[in-house]
Amino acid sequence: MCGIVGYVGHRRALNVLINGLQRLEYRGYDSAGFSLIENGKIVSYKKQGKVSDLVVLLNGLEFKSNIGIAHTRWATHGEPNDINAHPHLDNSGNISIVHNGIIENYATLKLWLKEKGYFFKSETDTEVLSVLIGYFYEKFKDLEKAVRIALSKVKGTFGVAVISSYEPNKIIAARRGSPIIVGIGEDEYIVASDASAIIQYTRQVTYLSDNELVIITKDGYQTKTIDNLPTSSDIQVLEFDLSKIEKGGFEHFMLKEIFEQPQTIQDACRGRLLVDEGNARLGGLLPVIDKLQNVDRILITACGTSWHAALIGEYLIENLCGIPVEVEYASEFRYRNPIIRQNDIVIAISQSGETADTLAAVQEAKRKKATVLGIVNVVGSSIARETDAGVYIHAGPEIGVASTKAFTSQLVILTLISLLLGRMRSLSQEEGILIANEIKALPEKVNKILQNAEQLRQIAKEFSYSRNFLYLGRGYNFPVALEGALKLKEISYIHAEGYPSAEMKHGPIALIDENMPVVFIAPKDPIYNKVLSNIEEVRSRRGRVISIATEGDENMKKYAEKVIYIPETLPMLTPILSVIPLQLLAYYIAVELGCNVDQPRNLAKSVTVE
Ligand code: G6P
């Protein structure tokens, strides 16, 4: 989704901006642009399409400017085209802004400004903000004040960066609900919506809080609230390396991230898995340990892949701890007036920590006085900061839009939480030790599955012609069926549906014929025989069965046209293994079809709008 970069310092700003935009490409966008202050004037270029299209537009032009802002836009108000792309200028052409988020009262403000004689070139909400800042600048002749007053009139969310030829040495940036990070270098500052645009230049960063604003020159920065009260800012150190946001020899980020999973699963467990005690130590939950002890019910809320992890979390927690769990899409939770009682705990799961619906669900739960925990990947993200306590999954930056390694790490963390809660209740040490040992063995098992990637590539070749896929699983592997189907549709644009295997007979069975591939997740577990019956039902209608089965299950070859083996583990841990071949299958089919795997059409990595 939209990305912001700004630079002020001793380097040529344009290089830093273009580089930053390229680092933000993974978030998904449809146009890009920048503004510089060159020889005292604003110079802007913007273009529908990729950052590379913007670079072509420059056709070797050189700019010496040391200050500028840039943006990748994911259309919300107005179609993706050159005019709607950011930056947007005020009517004088002397103030330029880039903006993430949504100005909800833009129509009212636009009308008000039009009545005063101001004009608009684009259909965007952002241009309304730039013109509004221009209006207040004319009044106060003070850029910072103009930005503050304009932002105080705005309803909605923003991460915004502003430059002006009136005060050509400063960038003003502000946030409400959409992240802004300031990278602190030596005599240089990079402001961005995402740490990936900063890490190449500095590891020292400060995160703006909601309703906070920063004024940056090459000599320093000052933070305050939008209401002009001083604030203090903590400097934090980014912990990932540049190599983590580069492809490292893989053709796509998604493939790299799939292959990182043995490591990321281990990283999620590091220092947390207490094998000998059959327990888990989760430092981030210590502040709420009493609440966990007394919890009566857990609500888990999330979107997309994280919601699939939540569904598995429900099975894990109910099975290991006997605590009732409900899972709800964050977009529903936030508007549904959910019932939250005194001893309930709400858990929000989010890779990015910025998903607008999940963030709003967290805020709604907090309003209802719930204890809210986060299971988040991006350190310092909005959800991580808003929750009372939580656990980072430590999967490192996930760049491919389709989530892979974050999913398996979320499952590991949910298992560790279940272990911890279970051991506080009736789970015996012996059972705990058994589970902990199996968790410890997962990275090696994932490695083994990855070594079989070539088989998945071959299957992908054979099945890439199909226009529909069905994914079926039961128990812990029902959400994996949903996730496998989601992966395929996200990156290959093939229609795919996930169902609990037994539900097939209530509808999807009508679709089955010789052209329908059906992927069964059928490990050897207590419901294996039931799944075999479901496979029979598909075969008898000439559907083409691809099965994910447990190593050693030779019997499965009689049932399925293709069998992909995964090592044996406890049923509760099978999702962490069974999803890997599904990720690879989706990946190779998308590659086979020539799709843009890392940046699929219309999707965004981090959905910061409703
Ligand atoms: C977007 C991404 C998905 C992700 C979902 C939730 O739709 O494309 O991959 O699962 O958002 O994101 P979150 O960052 O909250 O996990």
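Each residue of the sequence shown is one higher than the one before, counting from 0 in numbering that gives the first Met the number 0. Don't be surprised by glycine CBs; every beta carbon is placed ideally from N, CA and C. Predicted model, so just to flag it, every value in this text is computed and none were measured.
Less than 8 Å between the CB atoms is what I'm expecting for L418 and G399, so what's the real figure, rounded?
For the purposes of this step, residue 418 is identified with residue 419 of the sequence shown, where counting begins at 1. For the purposes of this step, residue 399 is identified with residue 400 of the sequence shown, where counting begins at 1. Rounded, the Cβ-Cβ distance is 29 Å, inconsistent with contact.
Compare the Cα-Cα distances from N65 to each of N90, K529, H9, A452 and report the closest residue.
Taking the sequence shown and counting its residues from 1, one reaches residue 65 at position 66. Taking only the C-alpha atoms, the option nearest N65 is H9.
On the DSSP bridge list, what partners appear for F519?
On the sequence shown, position 520 is the one that residue 519 refers to. Answer is L471, S546.
With the cut-off set at 8 Å, would you say A196 and R384 are in Cβ contact?
Indexing the sequence shown from 1 puts residue 196 at position 197. Indexing the sequence shown from 1 puts residue 384 at position 385. Going by C-beta atoms, A196 is not nearer than 8 Å to R384.
Give me, in chain order, the residues of the same chain whose beta-carbon lies closer than 8 Å to that of E489; leave out the 5 immediate sequence neighbours on both sides.
Looking up residue 489 in the sequence shown gives position 490. Answer for E489: V400, A401, A585, P599, L602, listed in chain order.
Which stretch, first to last residue, makes up the alpha helix (DSSP H) that contains N533?
Here residue 533 corresponds to residue number 534 of the sequence shown, with the count starting at 1. In the DSSP annotation of this structure, the continuous segment of the alpha helix (DSSP H) that includes N533 starts and ends at 527-538.
Please enumerate, following chain order, all residues with a beta carbon closer than 7 Å to at least one heavy atom belonging to the ligand G6P.
A301, C302, G303, T304, S305, I348, S349, Q350, S351, G352, E353, T354, T357, V400, A401, S402, A405, E489, L602, A603, K604, S605, V606
With the cut-off set at 8 Å, would you say N342 and D295 are in Cβ contact?
Position 343 of the sequence shown holds residue 342. Position 296 of the sequence shown holds residue 295. Cβ atoms of N342 and D295: closer than 8 Å.
Would you be able to state if there are at least three C-beta pairs under 8 Å between the stretch 545-552 and the stretch 563-576?
Judged by Cβ distances under 8 Å, the stretch 563-576 makes contact with the stretch 545-552, as three or more pairs qualify.
Measure the beta-carbon distance from I311 to L410 and round it to whole angstroms, keeping in mind my assumption that it falls under 8 Å.
Numbered from 1 along the sequence shown, position 312 holds the residue referred to as residue 311. Numbered from 1 along the sequence shown, position 411 holds the residue referred to as residue 410. Correct: roughly 6 Å between the Cβ atoms.
Report the three-state DSSP secondary structure of Q454 (helix, strand or coil).
Sequence index remark: in the sequence shown, residue 454 carries index 455 (1-based). The three-state reading of DSSP puts Q454 in helix, counting H, G and I together.
Please report the Cβ distance between V190 and I215, rounded to the nearest whole angstrom; I am assuming they are in contact, meaning their Cβ atoms lie under 8 Å.
Along the sequence shown, read from residue 1 onward, the residue named residue 190 stands at position 191. Along the sequence shown, read from residue 1 onward, the residue named residue 215 stands at position 216. Contact holds; Cβ gap of about 6 Å.
Can you give the Cα-Cα distance for N533 and D552, rounded to whole angstroms?
The sequence position of residue 533 within the sequence shown is 534, counting from 1. The sequence position of residue 552 within the sequence shown is 553, counting from 1. For N533 and D552, the distance between alpha carbons rounds to 17 Å.
CA-CA distance, S641 and I198?
What is shown of the chain runs 0 to 609, which leaves residue 641 out entirely.
For a test of the three-state rule: what should DSSP assign to T354, helix, strand or coil?
Position 355 of the sequence shown, counted from the start, is the residue given in the question as residue 354. Residue state, collapsed to three classes: coil.
Between the stretch 153-162 and the stretch 96-113, do at least 3 Cβ pairs fall closer than 8 Å?
Note that the stretch 153-162 touches the stretch 96-113; at least 3 beta-carbon pairs, one per stretch, sit closer than 8 Å.
Alpha carbons only, please: which of I412, R269, V518 is nearest the one belonging to V375?
For the purposes of this step, residue 375 is taken as residue 376 along the sequence shown, with counting starting at 1. It is I412.
Have a look at I299 and Y220 and give me their C-alpha separation to the nearest angstrom.
Here residue 299 is taken as the residue at index 300 of the sequence shown, counted from 1. Here residue 220 is taken as the residue at index 221 of the sequence shown, counted from 1. The straight-line gap from Cα to Cα measures roughly 39 Å.
In whole angstroms, what separates the C-alpha of A347 from that of T354?
Within the sequence shown, the letter at position 348 stands for residue 347. Within the sequence shown, the letter at position 355 stands for residue 354. In a straight line, the C-alpha of A347 is about 10 Å away from that of T354.
Looking at the secondary structure, which residues open and close the beta strand (DSSP E) in which V375 lies?
In the sequence shown, residue 375 corresponds to position 376, counting from 1. Counting along the chain, the beta strand (DSSP E) containing V375 begins and ends at 370-375.
What residue range is occupied by the uninterrupted alpha helix (DSSP H) comprising H98?
For the purposes of this step, residue 98 is taken as residue 99 along the sequence shown, with counting starting at 1. No alpha helix (DSSP H) contains H98, which is instead part of the beta strand (DSSP E) from 94-99.
Where D512 and G303 are concerned, what is the direct C-alpha to C-alpha distance, given to the nearest angstrom?
For the purposes of this step, residue 512 is taken as residue 513 along the sequence shown, with counting starting at 1. For the purposes of this step, residue 303 is taken as residue 304 along the sequence shown, with counting starting at 1. Cα-Cα distance, rounded: 29 Å.
What first and last residue would you give for the alpha helix (DSSP H) that runs through Q265?
The count along the sequence shown starts at 1 and reaches residue 265 at position 266. Residues 260-268.
Within the continuous alpha helix (DSSP H) that includes G19, where are the two ends?
Along the sequence shown, one-based indexing puts residue 19 at 20. Its alpha helix (DSSP H) spans residues 12-23.
Note the first and the last residue of the continuous beta strand (DSSP E) segment covering A74.
Translated into positions along the sequence shown, residue 74 becomes position 75. Note, A74: premise wrong, no beta strand (DSSP E); not H, not E.
Excluding five sequence neighbours on each side, which residues of the same chain lie with their C-beta closer than 6 Å to the C-beta of N104?
As a first step, residue 104 must be located in the sequence shown, where it is residue number 105. Around N104: K154.
With a CB to CB cut of under 6 Å and the five nearest residues on each side skipped, what residues in its chain are close to E137?
Working through the sequence shown from its first residue, we reach residue 137 at position 138. Taken in chain order, the list of residues that qualify is empty.
By the three-class DSSP mapping on this structure, what secondary structure does A401 have?
As a working mapping, residue 401 is identified with position 402 in the sequence shown. A401 falls in the coil class under three-state DSSP.
For the candidate residues P229, K365, A440, H70, whose alpha-carbon lies nearest to that of S34?
Translated into the one-based positions of the sequence shown, residue 34 becomes position 35. That would be H70, whose Cα lies nearest to the Cα of S34.
For C1 and Y28, I'd like the C-alpha separation in whole angstroms.
Position 2 of the sequence shown, counting from 1, holds the residue named residue 1. Position 29 of the sequence shown, counting from 1, holds the residue named residue 28. Cα to Cα, the separation comes out at about 6 Å.
If you reduce the DSSP assignment to three classes, tell me which class D343 lands in.
If you number the sequence shown from 1, residue 343 lands on position 344. Correct three-state label for D343: strand.
Counting only runs of 4+ residues fully inside the stretch 105-145, write out the alpha helix (DSSP H) ranges in chain order.
105-114, 124-139
Does the separation of the CB atoms of A12 and G92 fall below 8 Å?
Position 13 of the sequence shown, counted from the start, is the residue given in the question as residue 12. Position 93 of the sequence shown, counted from the start, is the residue given in the question as residue 92. Contact flag unset, no.
Which of the three DSSP states is assigned to E496 in this structure?
Working through the sequence shown from its first residue, we reach residue 496 at position 497. Residue state, collapsed to three classes: strand.
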